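Residues 25 to 363, numbered by this note's numbering, are exactly what the sequence shown covers, in order. Glycine included, C-beta positions come from ideal geometry on N, C-alpha and C. Owing to the predicted nature of the structure, the values given are computational and were not obtained by experimental measurement.
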Amino acid sequence: MDFSKINENDPIFGQFVMKQKIKEAQDSFKLQNWLRKNIEKAKLLREKSRPLTEEVRKLQEIISNEFQLLDIRWNCGWNETHYRGCLMSFISLAEQHPEPMKVLKGKVLVFAPFTGISLDGHIMLNIAEVRHNWLELIKNVRSYDSILSRIPNFEKAVSQVLRNIKIGRRKFMFKVMAGEYERNLLQVTTSLSDYLSYRKFPKEWPQSLENFEIVVENEAGPLMVSPTGQFIVPCSLPGQLLVNFIHTHLVEAEMKANNYKRDKYKERHLHNQCRSEFDLEYLGKDDNVTPELMITCCEQLLYHKHEINILLKGLHLNISTYYSVLSDGVVCIPWNFKL
25 MDFSKINEND PIFGQFVMKQ KIKEAQDSFK LQNWLRKNIE KAKLLREKSR PLTEEVRKLQ
85 EIISNEFQLL DIRWNCGWNE THYRGCLMSF ISLAEQHPEP MKVLKGKVLV FAPFTGISLD
145 GHIMLNIAEV RHNWLELIKN VRSYDSILSR IPNFEKAVSQ VLRNIKIGRR KFMFKVMAGE
205 YERNLLQVTT SLSDYLSYRK FPKEWPQSLE NFEIVVENEA GPLMVSPTGQ FIVPCSLPGQ
265 LLVNFIHTHL VEAEMKANNY KRDKYKERHL HNQCRSEFDL EYLGKDDNVT PELMITCCEQ
325 LLYHKHEINI LLKGLHLNIS TYYSVLSDGV VCIPWNFKL
């Protein structure tokens, strides 16, 4: 029977029609079917975006050379059209106010979702703000130097009070400004010192925690062991609770850290193998795709290479959690795709 001619509201055969439509929808999101349907669109968009990409590259070069920047970066989810607009706005601002721009020499300039000075001393300019705010930050860059110079000492203080544990920073900690981070570190040091004034660390602890790593976040930060094995702690956590948390999760942190080191090496190898095998123009991933998930994805791509090689050849591919073709022709596929 041809169910395509039957309405899904049919009292007898409606449920069969609905199941057929669901199956067709599921099949359309299998990798091969989806690529066949979207590959030409992606290639067309990619070709159209090449002049824009080249223009962005030239604008970056102009700004970098003019102000002797160490680097210039786009750290935002918006596309290249927005990036070009930001670069052109910055050039216009610099032409109107050349004197303050001298402080940019040897700095990293980042167009980001906020304005401020990162923990690494990078100059972050909010892409959504007016140029006047950019100028005010640039004029005050020197005032942040003293704070940045103190941060290593504050990190060392936390390390010393916590048996030489390493002080780490998460990838997105550039959203924490230098002054705030300094206060966070001081708060943790004080909490631990108060704890040690009447208690000792658990006797089961190793004499040194130098093989472990802690990340101090703001008061609203999470309390967790990250996928990389770092202890992520909010600065507001009382000393006793912090010690208890570390004590409870020492084994977990060590295991995750070892797995992460192993997976990063394997991920790098498989990443290079996929780029070469499929002749990819680019292969990247979203921030929420861990090395473990990326490994799974790359292994599946390579396992099915004979079926999908021609479909992936030359693509600008990004591993994500969804299917999409971005405006610049980047093809996003989920890491757990079905063939």
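Write down the C-beta distance between residue i and residue j rounded to the nearest angstrom, noting that I regard them as a contact closer than 8 Å.
i	j	result
L318	E291	The question names Leu, but residue 318 is Met in the sequence shown. So it is a contact: roughly 5 Å between Cβ atoms.
I238	I189	5 Å
L209	E243	About 13 Å separates the two Cβ atoms, so there is no contact after all.
G353	L69	4 Å
I151	I115	The Cβ separation is near 15 Å, so there is no contact.
C322	H295	6 Å
R97	V132	7 Å
A136	I171	In fact, because the Cβ distance is near 19 Å, the residues do not count as touching under 8 Å.
Which residue marks the beginning of the beta strand (DSSP E) containing residue i, and which one marks its end?
i	result
Y284	Taken as a continuous stretch (DSSP letters only), Y284 belongs to no beta strand (DSSP E), being part of the alpha helix (DSSP H) at G263 to E301.
G308	Y306 to K309
V6	For residue 6 there is no data in the structure shown, the boundaries of the chain being 25 and 363.
Return helix, strand or coil for residue i, following the three-state DSSP convention.
i	result
S344	strand
A49	In this prediction, A49 has a pLDDT of 49, which is less than 50 and means its spatial position is unreliable; nothing more can be read from the coordinates.
W229	coil
I256	strand
V355	strand
I365	Since the first and last residues shown for the chain are 25 and 363, residue 365 lies out of range.
W98	strand
F114	helix
F138	coil
L363	coil
L133	strand
V41	Low local confidence applies: a pLDDT of 49 at V41 is under 50, so the model's placement there is unreliable, and no value is given.
For residue i, report the span of its alpha helix (DSSP H) as first-last.
i	result
C322	P315 to Y327
L55	L55 to F91
Report yes if the C-beta distance between residue i and residue j is below 9 Å; otherwise report no.
i	j	result
V134	I162	no
P251	T320	no
K280	G245	no
I343	D310	yes
E234	I256	no
V182	F225	no
Q92	K129	yes
L325	C298	yes
Y121	L159	The amino acid at residue 121 is misidentified as Tyr; the sequence shows His. Yes.
G140	L216	no
C259	V185	no
I270	L55	no
E206	V249	no
K164	S351	The amino acid occupying residue 164 in the given sequence is Asn; Lys does not appear at that position. No; because the gap between Cβ atoms is not below 9 Å, this pair is not in contact.
A118	V355	no
N99	M148	yes
R187	S232	yes
S113	R166	no
D374	E316	A query on residue 374 cannot be resolved here, the shown segment of the chain reaching from 25 to 363 and no further.
V80	L111	yes
L265	W229	no
T272	N312	no
V349	N62	yes
E278	F236	yes
Problem - beta strand (DSSP E) runs wholly inside the stretch 164–226, at least 3 long, in chain order - result: none
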